[in-house]
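Numbering (this note's numbering), first residue to last: 2 to 339.
The beta carbon of each residue, even a glycine, is placed where N, CA and C say it ideally should be.
Just so you know, these numbers come straight off a predicted model, no measurement behind them.
Structure first, commentary second.
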């Protein structure tokens, strides 16, 4: 399916393919800049041990440990065929960290037109790392709005052109610019408003290799993960640095548990109760994890890991999906070393 989407992109938008595709040749020297993530710093030991490298035969992504044997990552990261994750690591290409084998990865149904997330189940629990609590409905009701500062964390490229190689864990802080992803600019209509949010820009951003990685929100109960890295904005002048789109965790909490059969660590929201949302929004399975998000509708193309194709998609929808494919923030040109 990736081939089909890229073919459509080349047919309709050849000028964008080289600028945005993580698989395209790097127009700049293949060296990372001095500022990690985009406009950030390297992570000190022990700060984000639950942020994991997701490594496979097809490339690398980032994820978050949300149960002892469960990792949240991006839907399109199923396409890198992950075989292992490394937790509590500052550099996935160095010694140290905790490696766990991947048992399965399941993308969200029709993730290309809904929630761009996947859930990984590991063959064994990760010992010695506390899973990060997931933001739910009350988390967003309490402390999430425009200009809220969030932490972007991942193993991705540090170059605004998306080039170079990087295996270190990096972080930056950035403001939320569109809490409900209602301003277009690449937001998925089927889950708008409230299924995604936009953060960063002005040189602070996630990049290729950060896909699926955590967005942390500081709360009185400590940092919780409220988003997963998906893709860049339509109007960004460079592949990275102009701001990103992130899937909101309050809309996928019930799906994560029903899909894995595991209990996911969730924000306690002690002062307003521990419910996972009070709205009537529904996901494609009708599990009602939302707080007002739109119904996504039926299956359109299926998960890429199941071998689906873009056949039958035509016109603006096909072009739109192709451009989304180009803005994804996995890293396929840098192969994981087994």
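Status (buried if at least 16 other CB within 10 Å, exposed otherwise) for residue i
i           : result
residue 104 : exposed
residue 190 : exposed
residue 238 : exposed
residue 221 : exposed
residue 110 : buried
residue 45  : exposed
residue 167 : buried
residue 171 : buried
residue 271 : exposed
residue 178 : buried
residue 58  : exposed
residue 223 : exposed
residue 146 : exposed
residue 294 : Confidence is the limiting factor: at residue 294 the pLDDT is only 37, short of 50, which leaves the residue's position unreliable, though a coordinate-based value still follows. Burial call: buried.
residue 47  : exposed
residue 128 : exposed
Supposed contact pair residue j and residue i - C-beta distance, whole angstroms, cut 8 Å
i           : j           : result
residue 65  : residue 73  : 5 Å
residue 43  : residue 54  : Actually they do not touch by this definition, with Cβ atoms about 14 Å apart.
residue 95  : residue 123 : Not a contact, Cβ separation roughly 21 Å.
residue 249 : residue 195 : 7 Å
residue 106 : residue 83  : 6 Å
residue 230 : residue 212 : 5 Å
residue 119 : residue 75  : 6 Å
residue 187 : residue 232 : 7 Å
residue 159 : residue 176 : In fact, because the Cβ distance is near 20 Å, the residues do not count as touching under 8 Å.
residue 251 : residue 137 : 5 Å
residue 108 : residue 79  : 5 Å
residue 88  : residue 98  : 6 Å
The alpha helix (DSSP H) enclosing residue i, as first and last residue numbers
i           : result
residue 258 : 254-261
Extent of the continuous beta strand (DSSP E) to which residue i belongs
i           : result
residue 269 : Per DSSP, residue 269 belongs to no beta strand (DSSP E) and is neither H nor E.
residue 340 : Because the chain is modelled from 2 through 339, residue 340 falls outside the range shown and cannot be assessed.
residue 222 : Residue 222 -> no beta strand (DSSP E), and no H or E assigned at all.
residue 50  : First-last for residue 50: undefined, no H or E at that position.
residue 189 : No beta strand (DSSP E) holds residue 189; DSSP gives it neither H nor E.
residue 83  : 83-88
residue 1   : This structure cannot settle anything about residue 1, because the visible part of the chain is limited to 2 through 339.
residue 68  : 60-68
Closer than 8 Å to chain D by CB, residue i
i           : result
residue 266 : The chain inventory of the structure shown lacks chain D, comprising one protein chain alone.
Can you list the alpha helix (DSSP H) stretches of 4 or more residues lying completely in the region 111-182, in chain order? Correct list: 138-144.
May I ask you to verify whether the region 196-213 touches the region 147-158, counting CB pairs closer than 8 Å and requiring at least 3? Contact between the region 196-213 and the region 147-158 is present, because at least three Cβ pairs lie under 8 Å.
Across the region 241-256 and the region 195-203, are there enough close Cβ pairs to call them in contact, namely three or more that are closer than 8 Å? yes
Contact between the region 256-268 and the region 131-149: three or more CB pairs below 8 Å? yes
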